[in-house]
Every structure is written in C-alpha cells, then in structure tokens.
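One rule links them: number in the working numbering = place in the sequence shown (from 1) + 19.
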Amino acid sequence: MTLEQFTRNEGQLTRQYEYDECSVLAVDFGADETDASVDLVDDTVIVIVDDEQYELELPDGADDAHTFIKNGVLTVEMEGDL
Numbered sequence: 020m021t022l023e024q025f026t027r028n029e030g031q032l033t034r035q036y037e038y039d040e041c042s043v044l045a046v047d048f049g050a051d052e053t054d055a056s057v058d059l060v061d062d063t064v065i066v067i068v069d070d071e072q073y074e075l076e077l078p079d080g081a082d083d084a085h086t087f088i089k090n091g092v093l094t095v096e097m098e099g100d101l
C-alpha cells in the first residue's frame, strides 16, 4: 500500500518531512492507541492497532529505516536516495 492509498483508505493523518540526510514519515493513529506496535519486515512497515493490521511499503531507495510508535504516532525515519 502506498502512502497515498494508506491515508485515503484508512483516514489517518499523515505528514512527510524531507531533510538533507533523511526523510521522516509520521502517521497519527490517535492518542488512545497506546497499545499499538510496529515492526519492519524487509521494505514493509507493519503496524498493529487493536485487532487491525496496517501495512505500508517503504519507497524505493530507502536504504536504512527506523520505526517506532509512541502515544499513537508512528514515526518512520528513512535514509537513502528517496
């Protein structure tokens, strides 16, 4: 699922920030979602919120990605030639 499909289909508030060295993607699932978890498998970010699973494909060129979720906000930090 691309970022555009993810936000349109699921209604999540999403922001993407571009910096010189990296790109950061933030997705707000809501502050009530404190039991959410995130995992990175190959080029796919997998988020589990309650009984729902969301998958988001990283863009081509994302060499090194780090993910975490805090207070219902998923953050994906990506390095590489995006």
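All C-beta atoms in this analysis are idealised placements derived from N, C-alpha and C, irrespective of residue type, glycine included.
Counting only the same chain and skipping the five closest in sequence on each side, list residues whose C-beta sits under 6 angstroms from that of N90. A50
State the beta-bridge partners of G99 as determined by DSSP. A81
Option nearest P78 by Cα separation, candidates D62, I88 and F87: D62
Between which residues of its own chain and L44 is the CB-CB distance below 6 angstroms, once the five residues before and five after are set aside? Q35 and V95
Helix, strand or coil, according to DSSP, for D58 in the structure here? strand
Using the Cα positions of D70 and E76, report the straight-line distance between them to the nearest angstrom. 20 angstroms
Return the CA-CA distance between Q72 and M97, expressed in angstroms with no decimal places. 21 angstroms
Under three-state DSSP, which class holds D47? strand
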